[in-house]
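Residue numbers (the numbering used here): 32 to 254.
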């Protein structure tokens, strides 16, 4: 074989080898580029997952704090309920006893007021019977008549007197509308307060003194 031919063969083989290596390098470069692209996407996905995980952990911590607060609130509510339940039962019992007592007092007060009115009427009747009859005078002996002082008119209060109660060292008169037995209708009167035309002037040992509009003062016995 001639030297020129041999060189041509060698050069051609080298060219083919270089071309094959170039193709292989190109393919490796493309695969490397794809791997880099895939790795970049996976890193982005990993960053997103890390961010989501961090947010989830923050949410979990907040939920845990809220759960702890809720547990403390429930424990506090149970303690308050355990403390208030006996008090509520006691208050309900005391209110019922007060209602029963006020109903009984109201009945006794009505009877006392009625008895007092009857006694005043009988006393007035006796005073009228005891007055001597005066014979008619002749015109010559007639003298100017003195105007008789009118007897105080006894009025019936438009309410029932139930009892006298003490609050912070002050005395109050417990009253209720006639015929009422409701605890909600009870009203406490202090000196100077009034119901309708009846104003409480003073609370004495066994009676209450009222000032009545356009009428003389009225004394109401206490139960």
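Don't be surprised by glycine CBs; every beta carbon is placed ideally from N, CA and C. The model shown is predicted, which means the values in this text are computed figures rather than measured ones.
- Look at residue 218 here: in three-state DSSP terms it is strand.
- Bounds of the beta strand (DSSP E) holding residue 204 are 201 to 208.
- A residue is called buried once 16 or more other Cβ atoms fall within 10 Å of its Cβ, and residue 254 is buried on that count.
- Per DSSP, the unbroken beta strand (DSSP E) holding residue 239 starts and ends at 238 to 243.
- For residue 252, the uninterrupted beta strand (DSSP E) run begins and ends at 249 to 252, by DSSP.
- Counting along the chain, no beta strand (DSSP E) covers residue 212, and no H or E run does either.
- The continuous beta strand (DSSP E) containing residue 231 extends over residues 229 to 234.
- Check the Cα spacing between residue 229 and each of 236, 214 and 188: the tightest is with 188.
- When the beta-carbon positions are compared, residue 207 and residue 217 come within less than 8 angstroms of each other.
- Between the C-alpha atoms of residue 47 and residue 41 there is a straight-line separation of about 10 angstroms.
- Note on residue 205: 16 or more other CB atoms within 10 angstroms of its CB, so buried under the neighbour-count rule.
- Within the model, the alpha-carbon separation for residue 245 versus residue 186 is close to 12 angstroms.
- Distances from the CA of residue 184 to each of 155, 192, 193 and 196 were compared; the closest alpha carbon is that of 155.
- When the beta-carbon positions are compared, residue 223 and residue 231 come within less than 8 angstroms of each other.
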